[in-house]
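Residue numbers (the working numbering): 146 to 313. These notes are about the structure you will find just below.
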């Protein structure tokens with residue numbers, strides 16, 4: 146199954162499109178917002194990344210901020226910090242894991258494997274600490290910790306249904 150065909154990638158795509166719809170943004174207007182913030186992105190490449198579900202969590206945070214969209218309460222301190230978007234993404238993941246009581250990456254990688262995601266502890270730690278975690282993987286972490294943080298953009302029941310489709 147390609148990344149774009151995975152249930153998690155489809156859910157990631159839907160979350161971004163819901164956020165855009167709630168703020169009445171088009172791909173074109175989003176490209177303009179990104180350009181005004183110094184990010185060079187073509188509309189075509191943005192559409193492809195969103196539709197494939199291949200955006201990183203850092204990109205979602207940046208997009209939500211640029212659109213003045215409501216950020217989940219638990220994430221607000223991390224997102225409003227003046228750091229770069231990768232650092233903010235790292236902090237969001239760490240606060241979610243802490244809130245969910247996850248302190249052992251071995252447990253997390255084991256849970257991810259049950260969702261069909263094969264990743265080593267080292268690779269997961271690298272993604273988290275560098276803030277390069279894909280949104281689709283972040284959604285799986287939200288499922289594992291039972292977080293409702295993205296409820297404004299996606300019902301938690303949809304996250305549960307996505308997990309049901311992915312469980313191996």
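No residue lacks a Cβ here, since even glycine has one placed at the ideal position from N, Cα and C. All values reported here derive from a predicted model rather than from experimental measurement.
Determine the contact status of residue 200 and residue 157, defining contact as a CB-CB distance below 8 Å. yes
Residue 162 to residue 258, Cα distance in whole Å? 28 Å
Here's the rule I'm using: 16 or more other beta-carbon atoms within 10 Å means buried, otherwise exposed. How should residue 235 be labelled? buried
Excluding the five sequence neighbours on either side, which residues of its own chain have a C-beta within less than 7 Å of the C-beta of residue 207, listed in chain order? 230
Note down the Cα distance separating residue 242 from residue 153, rounded to an integer number of angstroms. 19 Å
Start and end of the alpha helix (DSSP H) containing residue 188? 188 to 197
Closer than 8 Å is the cut-off here; do at least three beta carbon pairs connect the stretch 188 to 195 with the stretch 209 to 217? no
Can you tell which of 202, 227, 180 has the C-alpha that lies nearest to the C-alpha of residue 282? 202
Put residue 167 into one of helix, strand or coil per three-state DSSP. helix
By Cβ distance, which residues of its chain are closer than 6 Å to residue 214, with the 5 residues on each side in sequence left out? 164, 168
Taking the Cβ atom as the reference point for each residue, do residue 287 and residue 270 lie within a distance shorter than 8 Å? no
Cα-Cα separation, residue 151 to residue 311: 8 Å
Given that a residue counts as buried once 16 or more other Cβ atoms are within 10 Å of its Cβ, and exposed if not, what is residue 305? exposed
Hey, out of 277, 295, 300, whose CA is closest to residue 204's CA? 277
To the nearest angstrom, report how far apart residue 315 and residue 178 are at their CA atoms. Absent from the model: residue 315. The displayed extent of the chain is 146 to 313, so no value can be given.
Residue 252 burial status per 10 Å Cβ neighbour count (16 or more: buried): With fewer than 16 other Cβ atoms from the protein chains shown falling within 10 Å of its own Cβ, residue 252 counts as exposed.
Buried/exposed call for residue 248, threshold 16 Cβ in 10 Å: exposed
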